[in-house]
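Heads up: the sequence lines are chains H and F, in that order. This note's numbering applies: residue 2 is where the first sequence begins, and numbers increase by one. This note's numbering applies: residue 3 is where the second sequence begins, and numbers increase by one.
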Amino acid sequence: MTPAQKPARQTIRLNDTVYETTFTKKYAHRKPYQPKDPSRLTAIIPGLILTPIAQPGDQVRQGQDLLILEAMKMQNHITAHDDVTVKAVHVVPGETVTKGQLLMEFEPLPDAL
Amino acid sequence: MSMPKKMKDHAVRHAEATEPHPEAARKQAAQGKLLARERITAILDQDSFHEYDLFVEHKCSDFGMEKKQLPGDGVITGTGTILGHPVAIFAQDFTVAGGSLGLAHARKITKIMDHAIKLGIPLIGINDSGGARIQEGVNSLAGYGEIFYRNTLASGVIPQISIILGPCAGGAVYSPALTDFVFVVDKISKMFITGPEVIKTVLGEEISMENLGGARVQAEMTGNAHFYAQSEAECFEQVKRLVTYIPWNNRKKADAFSVIPSRSEIGLEHIIPAESNKPYDVRDVIRAVCDGSDFMEVQALWAANIVVGFARMDGRTVGMIANQPMVLAGVLDVDSSDKAARFIRFCDAFNIPLVTFVDLPGYLPGIDQEHAGVIRHGAKLLYAYSEATVPKITVILRKAYGGGYIAMCSRHLGADFVFAWPCAEIAVMGPEGAANIIFKGEIAAATDPEAFRKEKVKEYTEKFASPYVAAANGHVDAVIAPHQTRDFLLHALEISAEKQELRPERKHGVPPF
Numbered sequence: 002m003t004p005a006q007k008p009a010r011q012t013i014r015l016n017d018t019v020y021e022t023t024f025t026k027k028y029a030h031r032k033p034y035q036p037k038d039p040s041r042l043t044a045i046i047p048g049l050i051l052t053p054i055a056q057p058g059d060q061v062r063q064g065q066d067l068l069i070l071e072a073m074k075m076q077n078h079i080t081a082h083d084d085v086t087v088k089a090v091h092v093v094p095g096e097t098v099t100k101g102q103l104l105m106e107f108e109p110l111p112d113a114l
Numbered sequence: 003m004s005m006p007k008k009m010k011d012h013a014v015r016h017a018e019a020t021e022p023h024p025e026a027a028r029k030q031a032a033q034g035k036l037l038a039r040e041r042i043t044a045i046l047d048q049d050s051f052h053e054y055d056l057f058v059e060h061k062c063s064d065f066g067m068e069k070k071q072l073p074g075d076g077v078i079t080g081t082g083t084i085l086g087h088p089v090a091i092f093a094q095d096f097t098v099a100g101g102s103l104g105l106a107h108a109r110k111i112t113k114i115m116d117h118a119i120k121l122g123i124p125l126i127g128i129n130d131s132g133g134a135r136i137q138e139g140v141n142s143l144a145g146y147g148e149i150f151y152r153n154t155l156a157s158g159v160i161p162q163i164s165i166i167l168g169p170c171a172g173g174a175v176y177s178p179a180l181t182d183f184v185f186v187v188d189k190i191s192k193m194f195i196t197g198p199e200v201i202k203t204v205l206g207e208e209i210s211m212e213n214l215g216g217a218r219v220q221a222e223m224t225g226n227a228h229f230y231a232q233s234e235a236e237c238f239e240q241v242k243r244l245v246t247y248i249p250w251n252n253r254k255k256a257d258a259f260s261v262i263p264s265r266s267e268i269g270l271e272h273i274i275p276a277e278s279n280k281p282y283d284v285r286d287v288i289r290a291v292c293d294g295s296d297f298m299e300v301q302a303l304w305a306a307n308i309v310v311g312f313a314r315m316d317g318r319t320v321g322m323i324a325n326q327p328m329v330l331a332g333v334l335d336v337d338s339s340d341k342a343a344r345f346i347r348f349c350d351a352f353n354i355p356l357v358t359f360v361d362l363p364g365y366l367p368g369i370d371q372e373h374a375g376v377i378r379h380g381a382k383l384l385y386a387y388s389e390a391t392v393p394k395i396t397v398i399l400r401k402a403y404g405g406g407y408i409a410m411c412s413r414h415l416g417a418d419f420v421f422a423w424p425c426a427e428i429a430v431m432g433p434e435g436a437a438n439i440i441f442k443g444e445i446a447a448a449t450d451p452e453a454f455r456k457e458k459v460k461e462y463t464e465k466f467a468s469p470y471v472a473a474a475n476g477h478v479d480a481v482i483a484p485h486q487t488r489d490f491l492l493h494a495l496e497i498s499a500e501k502q503e504l505r506p507e508r509k510h511g512v513p514p515f
């Protein structure tokens, strides 16, 4: 058995004063903020892909079904957040996905004109 | 001074104190923001606003403050009515020293709060302030503390509404957080404890004010805001609508409205798909049973896997709570438990009966959920339902499995009436999982395990995935056809109007905050 290690002292700067302190594990391992990328669809919940409805090249409207993700005994309809073109589909029916896995990528609709 | 002179003097003083500084007013308008006085006029009934403490002055004499005259010390306070309902209101005025809070400013707010508590009328606060008035030092902090203290004393006594119409940062943002409902407006509201600059110097991370604590973030990600609007005008309509649903104080019930029949109850059978793994919008069920299909959702954008909000049944306000199969299969998780628990406690504090619609697979499994403390947060929901003594009526629409069944205002947590639709499945867990566990050995030993497993799932489904086992045990009071739902709810609410439930004496409970 190894004795509990004395945590290393760190410094933190608040209101122009430097304080000596220790960090919590959570603070030390925090991830930098990443804004949500609207061109990527990731799984909100782990589950099973049933039917990808949208195909690459499809132009979809906001609220339209993109795919069905079965999870928690429910066929969850994943819908488009905006009017976009489907650029790539990264999953096939029957595939099990983990939370946060990339499912689809989008690009803006080509201008109507 | 002669009388006419005194009158003239009063008019001049009044004008000086109320007329906005033109340059500051122009800046406010450039940001799409109304002036504090315009906001009050827009929310209250015409000519109902009565202002107090217009001539209050600050007493600070440091850092050149003695030469500065601040009209009303940067906050407007008074009383008025909204659609005939009396309210106390204060609005911070960003055009006066950036709406900064000094001691006199704070004392005006605490005075109107004390009035509201004593008179038993709702309090509305409009926050638009740069923060503490640095020149006043610790006195300005004292001011914040005195406001927070009163927010807490008023909690559960009078409804408290906060409207964030500008920056609300640092300690100041704790006042709205202590109130019952927070309204935000896109691009105008900014709420955070430490701003982007501090975050940059301490952590080296860069983020815009909007992405850190803008209206959308507060309404969608953090759950700090309850109502989100695109403009101030839309926000004020939301405030007015909310005020019609809530009572003046905790000794009263919300005003009754004339009864408008529901519009679409006949369609109830068709809203819910027969297969229990198909989603639908549970708000359609709520609209189908409530008066005029009129439902005011609270925190619509955050933790959307549970739906909470106000509606009327026979003209009386009811708090609706429903699992939303359309979002995350309607599971309970950290955020949805938190959201529902808070709403239930508001309703219980203000004599608003609770109607719960149940259709959920259970609590969300996951490492992130467990590590985020789903045990503690999930327990808040059990606590809130068990603690509530207002009439509690539950309708089990479809799935009610395991811990989720218990948590969603089951008979066991003190529901007065529990109804179930014929398609309800009330069981310890879903048929697949149950059969897999009960017949684990037999399935493994069978010559055709998959066929045997399917047979056992079918057997379990037929025997237990129904409302009748629960009904046979008295856990469900009546199995009702969907089209009978409104009738059963109206009757249950009518006969529970005078419900009384006594609890052991205590100072207060200790909920798992």
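C-beta: ideal position from N, C-alpha, C; glycine also. Values in this document were obtained by computation on a predicted structure and should not be read as measured data.
Rounded to whole angstroms, the Cβ separation of Ile-398(F) and Val-357(F) is 12 Å, and the two are not in contact under 8 Å. Separation of Ser-295(F) and Glu-18(F) (C-alpha to C-alpha, rounded to the nearest whole angstrom) is 49 Å. Counting only the Cα atoms, Gln-63(H) lies some 27 Å from Leu-362(F). Around Val-336(F), no beta-carbon contact reaches into chain H at under 9 Å, the shortest distance being about 14 Å. For Met-211(F), the enclosing alpha helix (DSSP H) has its first and last residue at 211-215.
Residues of the stretch 76-90 of chain H whose Cβ lies closer than 8 Å to any Cβ of chain F, in chain order: Gln-76, Asn-77, His-78.
The straight-line gap separating the alpha-carbon atoms of Gly-215(F) and Lys-192(F) is approximately 5 Å. Assigned with DSSP and collapsed to three states, Asn-153(F) falls in helix. Taking Tyr-403(F) as reference, the option from Ala-106(F), Ser-278(F), Gly-225(F) with the minimal CA-CA separation is Ser-278(F). Only those residues of the stretch 468-483 of chain F whose C-beta falls short of 9 Å from the nearest C-beta of chain H would be listed, and there are none. Around the Cβ of Ile-79(H), a 10 Å sphere holds 16 or more other Cβ atoms; the residue is buried. Under the criterion of beta carbons closer than 8 Å, Ala-426(F) and Pro-469(F) qualify as touching, at roughly 4 Å. Taking a contact as a CB-CB distance under 8 Å, the pair Gly-127(F) and Ser-157(F) does not count as one, their CB atoms being some 14 Å apart. Interface annotation, Pro-33(H): in contact with chain F, CB-CB separation under 9 Å. Rounded to whole angstroms, the separation of the alpha carbons of Gly-58(H) and Glu-461(F) is 46 Å. Taking the Cα positions, Ala-306(F) is about 15 Å away from Val-360(F). Residue-level contact by beta carbon holds for Met-328(F) and chain H, with a gap shorter than 9 Å. Taking C-alpha positions only, Thr-97(F) is separated from Gly-172(F) by approximately 20 Å. What Ile-46(H) touches in chain F, judged by beta-carbon distance under 9 Å, is Leu-330, Ala-331, Val-333, Leu-366, Gly-368, going in chain order. Residue nearest to Ala-118(F) within the set Gln-162(F), Asp-95(F), Arg-109(F) is Gln-162(F) (criterion: CA-CA distance).
Listed by position along chain H, the residues whose Cβ is nearer than 7 Å to that of Ile-209(F) are Tyr-34. Annotation: Met-322(F) is outside any alpha helix (DSSP H); the continuous beta strand (DSSP E) that includes it extends over 318-325. Beta-bridge partners of Cys-170(F) (DSSP): Met-193(F).
C-alpha of Cys-411(F) to C-alpha of Phe-421(F): approximately 11 Å in a straight line. Check the Cα spacing between Arg-135(F) and each of Ser-102(F), Val-471(F), Met-67(F): the tightest is with Ser-102(F). For Glu-434(F), the nearest beta carbon of chain H is closer than 9 Å to its own beta carbon. For Ala-381(F), the closest of Asp-418(F), Thr-391(F), Val-336(F), Ala-417(F) by C-alpha to C-alpha distance is Val-336(F). Annotation for His-23(F): no alpha helix (DSSP H) segment contains it, and DSSP assigns it neither H nor E. A direct Cα-to-Cα measurement between Leu-366(F) and Val-333(F) gives close to 6 Å. About 6 Å separates the beta carbons of Ile-111(F) and Ile-149(F), which is inside the 8 Å limit, making them a contact pair. Cβ proximity to chain F below 9 Å picks out Ile-13, Arg-14, Leu-15, Asn-16, Asp-17 from the stretch 10-26 of chain H. Considering only Thr-25(H), Tyr-34(H), Leu-110(H), Asp-83(H), the residue with the shortest C-alpha distance to Pro-198(F) is Tyr-34(H). If you keep only unbroken alpha helix (DSSP H) runs of at least 4 residues inside the stretch 360-418 of chain F, you get 369-373, 376-389, 404-409. Counting the other CB atoms within 10 Å of its CB gives Tyr-230(F) a total of 16 or more, which places it among the buried residues. Taken through DSSP and simplified to helix, strand or coil, Arg-28(F) comes out as helix. Counting only Cβ-Cβ distances below 7 Å, Ala-72(H) has contacts in chain F at Ala-331, in chain order.
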